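K.L.:
Each residue of the sequence shown is one higher than the last, beginning at 0 in numbering that gives the first Met the number 0. Glycine residues also receive a C-beta, built at the ideal position from the N, C-alpha and C atoms. None of the values given here were measured: they were computed from a predicted structure.
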Amino acid sequence: MKRTLVYELKRNLLPLVIFCAVAAAVSVVYTSTTTLSYTNEFGAYYEYSPIDSCLGAFAAVLCVLATIVPVMQFSYRMKQRSADLWYSLPVGRKKLTLVRVLGGLVLVFAPYTLAYWLGVACIALQETQFLFVHYLSFYAVSVVLGVGLFGVNCFLFTRANTVEDGIVFLVLWACLLPLAVLVCLGNVRLITIDVPEGTPEYLAHYRGMDIAAYLFPYSPTAAMSGLFEALIFREEVSEALLIPVWFAIPVCLLEGVGAYVGLFVRADRDRAENAGQVSSSWLGYRVLIPVYIVLLLGTVGDLLDGEILMGVLVAVIGAALYFAYRRSFRVKKEDVICYAVSVALGIALALILHYCT
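(1) What three-state label does DSSP hand PHE18 in the structure shown?
(2) Contact defined as beta carbons within less than 8 Å: I believe VAL60 pairs with GLY103. What is the distance between those atoms, to the nearest angstrom?
(3) Which value, in whole angstroms, describes the spacing of the CA atoms of TYR201 and GLU228?
(4) In the structure shown, what three-state DSSP assignment does TYR37 receive?
(5) Less than 8 Å between C-beta atoms, sequence neighbours within five positions excluded: which residues of the same chain meet that for TYR29?
(6) Quick one: Cα of LEU124 to Cα of SER31, how far?
(7) Could you check if THR198 is buried or exposed, using at least 16 other CB atoms within 10 Å of its CB as the buried criterion?
(8) Residues in its own chain within less than 7 Å of ALA266 by CB, not counting five upstream and five downstream?
(9) Once you ignore the five residues that flank LEU106 on each side, which residues in its own chain have a CB closer than 8 Å to its CB?
(10) Does DSSP put ILE346 in a helix, a strand or coil?
(11) Just to confirm my understanding: we take PHE168, look at its own chain, exclude 5 residues before and 5 after, and list those with CB closer than 8 Å. What are they?
(12) Taking 8 Å as the cut-off, decide whether the C-beta atoms of VAL311 and PRO216 are in contact.
(13) Excluding the 5 residues flanking CYS364 on each side, which residues of the same chain have their C-beta closer than 8 Å to its C-beta?
(14) DSSP three-state label for PRO177, please.
(15) What does PRO49 pair with, by DSSP beta-bridge criteria?
(16) Nearest-angstrom Cα distance between PHE358 and ALA339?
(17) How far does the alpha helix (DSSP H) with ASP269 in it extend, from its first residue to its last?
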């Protein structure tokens, strides 16, 4: 395994250099050109106002790397020749997966670390009143969140048998949980009884659509950047900044742990002959297509009041997706049954939401 890991690091040297150069350039240019703060002078007095800590830019770099690198590291499974080559090595599937994960983490966090601290150095050279110790705090937290996000993307991407399907899986699974909450609880107030005295105004009117945004896989990093930005600005952390953390962080940690467990448990079941074939995993189109049909039909709130065409369009697109999934106009009996059931459930959900909310 040691020799395989060394080979992996050498193999990734060129993309590592490219990622480091691009990430560093983006960080330096952004932190050097953005307005971090401004000062208004009123005679002998002045008012200092912070504007941008650049944590959002650093978080964006991390999220992009944690999405691109899993595709690079595990695309070998989607091509017959490369799959045969890697699976013929005298290394177990779990060890090979571990090597690819470790190599991927280096590709993510070496450029991110370089970009992050170069950016912080550029910020330090400018006149601000930032509390710089919390740049270290955010970096430590972002590494944990980045490792989790990387694992989730690796697991979801490897459920596919082609690169294209893997990318589609990443997009559809990223949007699934927020969409489900948005459709079912979008306009539902979280506090439906008398609001207790002293409840903050923003919480008293919190709705499901507010929570849906926090369940996006990239939301925990964004939420933590907002929290630590307040600390860097020497401002009091409001409860409004803490609410996303309560929802997003537990979900992120659970997803990350589950993804790594699933990635290594399923490693021995991967076969070279699956490369390039129909992606029939239960964590792929077999579940995603019917669930999206149900949810999208559920968004058609007035099926009986003029929006029937929208429902028909969703149903037609759902049928087309089954043909695309099978890569043929010949679909299996289970697909027909699943499609019919999902359309029926979607119509039922639309009617329930229409008359009960």
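P.N.:
Looking at the atomic coordinates:
(1) Residue numbering aside, residue 18 sits at position 19 when the sequence shown is read from its first letter. Three-state result, PHE18: helix.
(2) As a working mapping, residue 60 is identified with position 61 in the sequence shown. As a working mapping, residue 103 is identified with position 104 in the sequence shown. The Cβ separation is near 16 Å, so there is no contact.
(3) Indexing the sequence shown from 1 puts residue 201 at position 202. Indexing the sequence shown from 1 puts residue 228 at position 229. Low confidence applies here, because TYR201 scores a pLDDT of 49, under 50, leaving its location unreliable; read the following figure in that light. Approximately 20 Å, taken between the alpha carbons.
(4) Counting from one through the sequence shown, the residue named residue 37 turns up at place 38. Looking at TYR37 - three-state DSSP - the assignment turns out to be strand.
(5) Counting from 1 along the sequence shown, the entry for residue 29 is found at position 30. Contacts found: CYS53, ALA56 and GLY118.
(6) Sequence index remark: in the sequence shown, residue 124 carries index 125 (1-based). Sequence index remark: in the sequence shown, residue 31 carries index 32 (1-based). Those two C-alpha atoms are separated by around 9 Å.
(7) The sequence position of residue 198 within the sequence shown is 199, counting from 1. Model confidence at THR198 stands at a pLDDT of 48, short of 50, so the residue's coordinates are unreliable and nothing is read from them.
(8) Translated into the one-based positions of the sequence shown, residue 266 becomes position 267. Apart from the 5 residues on each side of it in sequence, ALA266 sits with its Cβ closer than 7 Å to the Cβ of ARG92, LYS93 and THR96 in its chain, given in chain order.
(9) By one-based count along the sequence shown, residue 106 stands at place 107. ASN11, PRO14, LEU15, PHE18, LEU64, VAL68, MET71 and GLN72, listed in sequence order.
(10) By one-based count along the sequence shown, residue 346 stands at place 347. The three-state secondary structure of ILE346, taken from DSSP, is helix.
(11) The residue labelled residue 168 in the question sits at position 169 within the sequence shown. In the same chain as PHE168, and ignoring 5 residues on each side of it, the C-beta atoms closer than 8 Å to its own belong to LEU155, PHE156, ARG158, ALA159, SER278, LEU282, GLY283 and LEU287, in chain order.
(12) The residue you call residue 311 lines up with position 312 of the sequence shown. The residue you call residue 216 lines up with position 217 of the sequence shown. For VAL311 and PRO216, no; Cβs fall outside 8 Å.
(13) Residue 364 cannot be examined here, being either before or after the span of the chain that is shown, 0 to 356.
(14) Taking the first residue of the sequence shown as position 1, residue 177 is located at position 178. Three-state result, PRO177: helix.
(15) Here residue 49 is taken as the residue at index 50 of the sequence shown, counted from 1. Bridge partners of PRO49: SER36.
(16) Absent from the structure is residue 358, since the part of the chain shown begins at 0 and ends at 356.
(17) Along the sequence shown, one-based indexing puts residue 269 at 270. Premise fails: ASP269 is in no alpha helix (DSSP H) and is neither H nor E.
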